[in-house]
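Asker: Got a structure for you, questions after.
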Amino acid sequence: NDTKPIYLSMQTEDGTDERIIPVALKWSRETITDARLFLRVGSSAADFKAAVAEVTGVPVTRQKLLCKGGWKGTLRDGTVLSDAFFCTDPFRGDDLLSVTLYGTADPPPSPPT
Numbered sequence: 130n131d132t133k134p135i136y137l138s139m140q141t142e143d144g145t146d147e148r149i150i151p152v153a154l155k156w157s158r159e160t161i162t163d164a165r166l167f168l169r170v171g172s173s174a175a176d177f178k179a180a181v182a183e184v185t186g187v188p189v190t191r192q193k194l195l196c197k198g199g200w201k202g203t204l205r206d207g208t209v210l211s212d213a214f215f216c217t218d219p220f221r222g223d224d225l226l227s228v229t230l231y232g233t234a235d236p237p238p239s240p241p242t
């Protein structure tokens, strides 16, 4: 199967269009489809990891992100996300890129005593 990603266009503050790929993040027993979770073509892995940390509470240093058919192994820091990654069929039936997260979130702060 040679399925290509479904790109959406997002307009930036300066009026240019960027291509983004919406993500369904699988973590533990849940699937998260938050509007903040997308891959911006041409951005760095650090940008995506920061968004994952914001949504899940899993610090970047504890994240292992996998995308079968999207990239090989875990997503490495310093990687630039490009069309070349998405050459097989990592998409779910609803056209979201399926990414799996392994990692534990920071515990909530203790109440004051």
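Residue numbers for the sequence shown follow our numbering, so the first one is 130 and each next one is one higher. We treat Cβ as the ideally placed atom computed from N, Cα and C, and that holds for glycine. If you're wondering where the values come from, they're calculated on a predicted model, not measured in any experiment.
Tell me, which residues are paired with Ser211 by DSSP?
Answerer: On the sequence shown, residue 211 is found 82 positions in, with the first residue counted as 1. Its beta-bridge partners do not exist; DSSP assigns none.
Asker: Look at the alpha carbon of Leu230 and the alpha carbon of Thr162, and state the distance between them as a whole number of angstroms.
Answerer: Position 101 of the sequence shown, counted from the start, is the residue given in the question as residue 230. Position 33 of the sequence shown, counted from the start, is the residue given in the question as residue 162. Distance between the alpha carbons of Leu230 and Thr162: 13 Å.
Asker: Is the distance from the Cβ of Gln192 to the Cβ of Gly232 below 7 Å?
Answerer: As a first step, residue 192 is located in the sequence shown; it is residue number 63 there, counting from the start. As a first step, residue 232 is located in the sequence shown; it is residue number 103 there, counting from the start. Result yes, Cβ atoms of Gln192 and Gly232 sit closer than 7 Å.
Asker: Quick one: which unbroken beta strand (DSSP E) runs of 3-plus residues sit fully inside the segment 146 to 183? Chain order, please.
Answerer: Whole beta strand (DSSP E) segments, 3+ residues: 146 to 156, 159 to 161, 167 to 169.
Asker: Taking Leu166 and Val152 to be in contact with their CB atoms under 8 Å, please state how far apart those CB atoms are, rounded to whole angstroms.
Answerer: By one-based count along the sequence shown, residue 166 stands at place 37. By one-based count along the sequence shown, residue 152 stands at place 23. Leu166 to Val152, Cβ: 4 Å. Contact.
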